[in-house]
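If you read the sequence shown in the UniProt record's numbering, its first letter stands for residue 1, the second for the next number, and so on.
Ideal Cβ positions, reconstructed from N, Cα and C, are used throughout, including at glycine.
Predicted model, so just to flag it, every value in this text is computed and none were measured.
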Amino acid sequence: MTPSFTSAPGSTASTGHGAHLAFARRMDRIDGLAHYRARFLGTDADSETANPRSYLDGNSLGRPLRASAEHIADFLQQDWGTRLIRGWDEQWMELPLQIGDDLGRACLGAAPGQVFVGDSTTVLLYKLARAAVDSRSHRTEIVLDSDNFPTDRYILEGIARERGLTLRWINSNTEGGVTAEQVRHVVGPQTSLVLLSHVAYRSGYLADMKTITAIAHEHDALVLWDLSHSVGSVPIELDNCDVDLAVGCSYKYLSGGPGAPAFGYVKSDLHDVLTQPIQGWMGAQAIFEMGPGYLPATGIRRFMSGTPAVVGMLAMQDTIAMLDEATIGSVRAKSVALTEFAITLVDEWLAPMGVTVASPREQTHRGGHVTINHPLMRQVTKILWDNDVIPDFRAPNGLRLGLAPLSTSFVETYDGVAAVRDVLRGILLGQSGVTQ
Numbered sequence: 001m002t003p004s005f006t007s008a009p010g011s012t013a014s015t016g017h018g019a020h021l022a023f024a025r026r027m028d029r030i031d032g033l034a035h036y037r038a039r040f041l042g043t044d045a046d047s048e049t050a051n052p053r054s055y056l057d058g059n060s061l062g063r064p065l066r067a068s069a070e071h072i073a074d075f076l077q078q079d080w081g082t083r084l085i086r087g088w089d090e091q092w093m094e095l096p097l098q099i100g101d102d103l104g105r106a107c108l109g110a111a112p113g114q115v116f117v118g119d120s121t122t123v124l125l126y127k128l129a130r131a132a133v134d135s136r137s138h139r140t141e142i143v144l145d146s147d148n149f150p151t152d153r154y155i156l157e158g159i160a161r162e163r164g165l166t167l168r169w170i171n172s173n174t175e176g177g178v179t180a181e182q183v184r185h186v187v188g189p190q191t192s193l194v195l196l197s198h199v200a201y202r203s204g205y206l207a208d209m210k211t212i213t214a215i216a217h218e219h220d221a222l223v224l225w226d227l228s229h230s231v232g233s234v235p236i237e238l239d240n241c242d243v244d245l246a247v248g249c250s251y252k253y254l255s256g257g258p259g260a261p262a263f264g265y266v267k268s269d270l271h272d273v274l275t276q277p278i279q280g281w282m283g284a285q286a287i288f289e290m291g292p293g294y295l296p297a298t299g300i301r302r303f304m305s306g307t308p309a310v311v312g313m314l315a316m317q318d319t320i321a322m323l324d325e326a327t328i329g330s331v332r333a334k335s336v337a338l339t340e341f342a343i344t345l346v347d348e349w350l351a352p353m354g355v356t357v358a359s360p361r362e363q364t365h366r367g368g369h370v371t372i373n374h375p376l377m378r379q380v381t382k383i384l385w386d387n388d389v390i391p392d393f394r395a396p397n398g399l400r401l402g403l404a405p406l407s408t409s410f411v412e413t414y415d416g417v418a419a420v421r422d423v424l425r426g427i428l429l430g431q432s433g434v435t436q
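So this is what it looks like as structure tokens:
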């Protein structure tokens, strides 16, 4: 049974370094999800080859599963190696939709037939955003925020230029995120689309999906959510929140691997309403008839374009199955506990050196990572990487602690934050190095 993980703040973990480590070890012992860590390559299950020493970047690139290494090797030898072209008819053609349904059930709160896998996050953002604004052709405005991930902003800048639309900017707090009141203030009768991230890539702020979606719908605007930093870490209820459109990547908490294809969600009511702009053969009604003109397929397949990246989908299959087994509610409980513990360590060890927490302290407003700010964090990150401790850096001064719940332990979190402390202290004292 997974514990509630509510003991970090104000617990014995706040009484000293030894108590912090004892607390981390105790949490790992009672963690009902701890056994999943051994399923990942590079964890301390391989005591002789644990690498890296502390990996705190699971929100950028997830660790690979051991099962995925076997799955991909078997695919090369058997499915591709022996079935060859027959694999398309036997299983590969439907794989983007099958994985989409599995992902919808395990992580997205989406009924079957609304999720597909294919293309990059950038391409899917373009396809769905362009389809949305074209369906509201009499409207002139798109709402977005100033601190969304660059791709989201760049895509909308391009669409606005193509379609002669106006961008309405929400000035979002880099240590917070977009609130429902900010959205209410900017949407109106000319709004065609609102595009926001569910979890902010910089601060980890968790937006109120249900309320914000409802506000946009009051003005008959469509909403497109970027789920890249929430899927696999935070419970998502797309159907329950009446979400129109969503896109997310698969190489973070879904451990799909570098460049693995993204996924798209289109509410079933919109399948026959929206026309996606990249008309490829995989979205056609009769794929192998090779007809003279494009007729879209029925259902979610019409939002596909090119040939599926089958090899790129294999690893995410294994992670989705594991998340389904573990349950996203249990994953979220551990995620909250890990981030609470990290903040406790930062407050005690790093705050006296001028480090500030640039993520929400209220757990209901925080996703799966914590960002901490200090003018020296770029230098700190470089030294940490050289010493096999891997967080990531976000300009201008942010170091992100990405704590993937199924692969990250409490002791690994302790070790990582302790390394940040030691390196920063060393720099401030005119030295540089990690305490061994």
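Do the region 385-398 and the region 343-353 make contact, defined as three or more Cβ pairs closer than 8 Å? no
In terms of residue numbering, what span does the beta strand (DSSP E) encompassing Glu141 cover? 141-145
From the DSSP output, in three-state form, read off Arg394 for me. strand
Is Pro235 buried or exposed, if buried means 16 or more other CB atoms sit within 10 Å of its CB? By the neighbour-count criterion, in which 16 or more other beta carbons inside 10 Å mark a residue as buried, Pro235 falls on the exposed side.
Could you please give the first and the last residue of the uninterrupted beta strand (DSSP E) stretch that includes Gly416? Looking at the DSSP string, Gly416 is not in any beta strand (DSSP E); the run it does join, the alpha helix (DSSP H), is 410-428.
According to the Cβ coordinates, are Gly280 and Ser250 closer than 7 Å? Taking 7 Å as the Cβ cut-off, Gly280 and Ser250 do not qualify as a contacting pair.
Beta bridge counterpart(s) of Ser54 as assigned by DSSP: Val389
Near Arg153, what residues of its chain come up, given a Cβ to Cβ distance below 7 Å and the 5 sequence neighbours on each side ignored? Excluding sequence positions up to five before and after Arg153, its CB lies within less than 7 Å of the CB of Leu144, all in the same chain and listed in chain order.
With a CB to CB cut of under 6 Å and the five nearest residues on each side skipped, what residues in its chain are close to Tyr55? Ile390
Does Leu108 come out as helix, strand or coil in the three-state DSSP assignment? helix
Measuring only between beta-carbons, confirm whether Asp244 sits less than 7 Å from chain B. Any reference to chain B falls outside this structure, which holds one protein chain only.
Neighbourhood of Ser120 by C-beta, 6 Å cutoff - its chain only, sequence neighbours within 5 removed: Ala262
Going by beta carbon distance, what residues of the same chain come within less than 6 Å of Thr191, once the five residues before and after it are set aside? So the qualifying residues of the chain are Glu141, Val143, His219, Ala221.
Where His20 and Leu345 are concerned, what is the direct C-alpha to C-alpha distance, given to the nearest angstrom? 8 Å
Buried or exposed for Leu295, going by 16 or more other Cβ atoms inside 10 Å? exposed
Is it buried or exposed, Val243, if we count other Cβ atoms within 10 angstroms and call 16 or more buried? Buried is the call here.
Identify whether Gly402 lies in helix, strand or coil by the three-state DSSP scheme. strand
Does the beta-carbon of Val357, which I'm using as the reference point, lie nearer than 6 Å to any heavy atom of the ligand ADP? With respect to the ligand ADP, the structure offers nothing, as it holds no ligand at all.
Comparing C-alpha positions only, which one of His229, Gly430, Leu193, Ser230 sits nearest to Ile212? Leu193
How big is the Cα-Cα spacing for Gly312 and Gly18? 44 Å
Please return the same chain residues whose Cβ sits closer than 7 Å to the Cβ of Asp318, not counting the five positions on each side in sequence. Leu65, Ala67, Ser68, His71
Taking the straight line between their C-alpha atoms, what separation do you get for Arg161 and Val186? Between Arg161 and Val186, the C-alpha separation is close to 20 Å.
Within the region 257-315, ranges of the beta strand (DSSP E) (whole runs, at least 3 residues): 263-266
List the endpoints of the continuous alpha helix (DSSP H) containing Leu103. Per DSSP, the continuous alpha helix (DSSP H) segment holding Leu103 begins and ends at 95-103.
Can you give me the Cβ contacts of Glu412 inside the same chain, cut-off strictly under 6 Å, excluding the 5 residues immediately before and after it? Within its own chain, the residues whose Cβ lies closer than 6 Å to the Cβ of Glu412, once the five positions on either side in sequence are excluded, are Ser54, listed in chain order.
Quick one: grab the DSSP three-state call for His369. strand
Considering only their Cβ atoms, is the gap separating Tyr126 from Ile170 smaller than 7 Å? Going by beta carbons, Ile170 and Tyr126 fall outside the 7 Å limit.
Keeping to the same chain, check which residues put their C-beta closer than 6 Å to that of Lys252; ignore five residues upstream and five downstream. Asn59, Gly62
Whole angstroms are fine: how far does the CA of Lys267 sit from the CA of Ser432? At Ser432, the pLDDT of 48 sits below 50, so the modelled position is not reliable and the matter cannot be decided from this model.
Ignore the nearest five residues each way along the sequence and tell me which others in Gln114's own chain have a CB closer than 7 Å to its CB. Taken in chain order, the residues that qualify are Gly104, Tyr265, Val266, Lys267, Ser268, Ile300.
Go through its chain and collect everything with a Cβ distance to Ala418's Cβ below 7 Å, but skip five positions before and after it. Contacts found: none.
Can you give the beta carbon distance from Val247 to Ala207, rounded, assuming they're within the 8 Å contact cut? So it is not a contact: roughly 15 Å between Cβ atoms.
Indicate the three-state DSSP secondary structure (helix, strand or coil) for Leu195 in the structure shown. strand
Cβ pair count under 8 Å reaching 3, the region 317-334 against the region 84-104: Between the region 317-334 and the region 84-104 there are three or more inter-stretch CB-CB distances shorter than 8 Å, so the stretches are counted as touching.
Under the three-state DSSP convention, the category His226 falls into: Reading the sequence as shown, one finds Asp at residue 226 and not His. Looking at Asp226 - three-state DSSP - the assignment turns out to be strand.
Collapsed DSSP secondary structure at residue 458 in the structure displayed: In the structure displayed, the chain extends from 1 to 436; residue 458 sits before or after that span and is not available.
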